[in-house]
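Numbering (this note's numbering), first residue to last: 13 to 359.
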């Protein structure tokens with residue numbers, strides 16, 4: 013029996029089960045994967061010691077190749093690239109979750125204020141406790157993000173969690189936390205303030221496999237959790253009444269999506285510092301590429317986020333700036349365009 017899904021679809025049947033794959037989404041994911049691989053090779057060859065793509069590929073695949081090239085690629089640059097891939101994917105998934113929750117393209121964790129909570133938690137560890145230990149900063153970032161989410165959730169909850177109320181309360185709480193962080197920076201020594209400000213720029217430098225292992229492990233757990241929230245959140249986009257009629261517990265689904273989204277944002281902030289606008293832009297770009305009716309497509313969003321952050325890091329290495337500065341410059345222009353477009357469509 014033929015079923016028309018409204019879009020070209022591939023159906024794979026085996027052992028009494030069937031897997032349906034949207035054809036355009038699969039093609040887009042393939043192109044994004046190829047682009048990430050090509051840009052990754054170029055990134056591994058960029059730096060004070062320049063390497064050709066052939067040298068990079070040889071260093072990655074041949075243990076007996078030039079020792080200097082393998083040292084540069086495997087020990088110095090590969091962890092940075094893998095961090096860019098993981099952090100870009102995590103931010104994009106977090107943005108997709110919050111944009112689905114709020115039904116608004118501006119509903120990303122950096123706009124709502126959850127990134128500010130993670131930054132504030134890490135700043136307290138660095139400035140008040142006086143430690144630059146990676147694990148301590150990561151713990152402070154996770155606690156700060158979770159506490160911010162709890163405060164925003166409690167303040168925004170009135171007989172249910174209204175998306176618009178969540179955005180407004182989140183922006184207000186984020187502004188307050190940014191002021192608190194600024195006050196902390198002004199109350200400490202210039203050396204401490206410089207340390208926190210450098211970390212706040214968002215940088216992939218100085219990271220190795222020692223930090224990469226725990227980050228990937230936590231990301232994989234959160235990735236599994238995020239896939240479990242896709243179906244109820246997608247049904248909530250139809251409206252609470254329709255979702256409840258389908259058996260979805262609206263408030264529980266929103267709480268689960270919020271927790272997973274905040275955890276993904278805090279994970280990235282803990283690892284590399286606050287990186288703005290990737291969570292805002294990547295889900296929207298993925299939605300336009302796949303021509304989907306929802307931003308909550310985990311795989312295309314993750315691949316788009318990874319590509320955006322790898323591209324930003326490639327540009328950052330060229331101009332010798334932290335990657336967070338590049339994403340702010342590009343993302344600010346994107347935000348202005350998005351706001352103008354939203355205004356134009358509502359006139």
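All C-beta atoms, glycine included, are put in the ideal place defined by N, C-alpha and C.
Quick caveat: nothing in here was measured; it's all calculated off a predicted structure.
Taking the continuous alpha helix (DSSP H) assigned at residue i, which residues delimit it?
{"i": "residue 222", "result": "221-248"}
{"i": "residue 391", "result": "In the structure as shown, the chain starts at 13 and stops at 359, and residue 391 therefore has no counterpart that could be examined."}
{"i": "residue 206", "result": "202-212"}
{"i": "residue 126", "result": "126-135"}
{"i": "residue 87", "result": "Counting along the chain, residue 87 falls outside any alpha helix (DSSP H), and DSSP gives it neither H nor E."}
{"i": "residue 82", "result": "79-82"}
{"i": "residue 74", "result": "Unbroken run through residue 74: none, as it is neither H nor E."}
Suppose contacts are defined by Cβ-Cβ distances below 9 Å. Is residue i in contact with residue j by that definition?
{"i": "residue 219", "j": "residue 95", "result": "yes"}
{"i": "residue 294", "j": "residue 113", "result": "no"}
{"i": "residue 329", "j": "residue 55", "result": "yes"}
{"i": "residue 164", "j": "residue 185", "result": "yes"}
{"i": "residue 313", "j": "residue 307", "result": "yes"}
{"i": "residue 272", "j": "residue 106", "result": "yes"}
{"i": "residue 265", "j": "residue 257", "result": "no"}
{"i": "residue 274", "j": "residue 129", "result": "yes"}
{"i": "residue 344", "j": "residue 285", "result": "no"}
{"i": "residue 63", "j": "residue 84", "result": "yes"}
{"i": "residue 269", "j": "residue 109", "result": "yes"}
{"i": "residue 196", "j": "residue 140", "result": "yes"}
{"i": "residue 304", "j": "residue 37", "result": "yes"}
{"i": "residue 262", "j": "residue 248", "result": "yes"}
Exposed or buried, which one is residue i when buried takes at least 16 other CB atoms within 10 Å?
{"i": "residue 124", "result": "buried"}
{"i": "residue 276", "result": "buried"}
{"i": "residue 88", "result": "exposed"}
{"i": "residue 210", "result": "exposed"}
{"i": "residue 50", "result": "exposed"}
{"i": "residue 334", "result": "buried"}
{"i": "residue 138", "result": "buried"}
{"i": "residue 144", "result": "exposed"}
{"i": "residue 6", "result": "Outside the shown range of the chain (13 to 359) lies residue 6, about which nothing can therefore be said."}
{"i": "residue 309", "result": "buried"}
{"i": "residue 92", "result": "buried"}
{"i": "residue 221", "result": "exposed"}
{"i": "residue 241", "result": "buried"}
{"i": "residue 287", "result": "buried"}
{"i": "residue 74", "result": "exposed"}
Check the DSSP bridge columns for residue i and list the partner residues they point to.
{"i": "residue 253", "result": "For residue 253, which the question treats as bridged, DSSP gives no partner whatsoever."}
{"i": "residue 21", "result": "34"}
Let me check you understand the geometry: is the CB of residue i closer than 8 Å to at least one non-hydrogen atom of the ligand COA?
{"i": "residue 70", "result": "In terms of ligand content, the structure shown is empty, and the ligand COA therefore cannot be addressed."}
Between which residues of its own chain and residue i is the CB-CB distance below 6 Å, once the five residues before and five after are set aside?
{"i": "residue 318", "result": "48, 97, 100 and 101"}
{"i": "residue 168", "result": "177, 178 and 181"}
{"i": "residue 356", "result": "none"}
{"i": "residue 299", "result": "307"}
Excluding the five sequence neighbours on either side, which residues of its own chain have a C-beta within less than 7 Å of the C-beta of residue i, listed in chain order?
{"i": "residue 231", "result": "98, 102 and 279"}
{"i": "residue 340", "result": "288 and 289"}
{"i": "residue 208", "result": "135, 138, 139 and 197"}
Give me, in chain order, the residues of the same chain whose beta-carbon lies closer than 8 Å to that of residue i; leave out the 5 immediate sequence neighbours on both sides.
{"i": "residue 326", "result": "51, 54, 55 and 58"}
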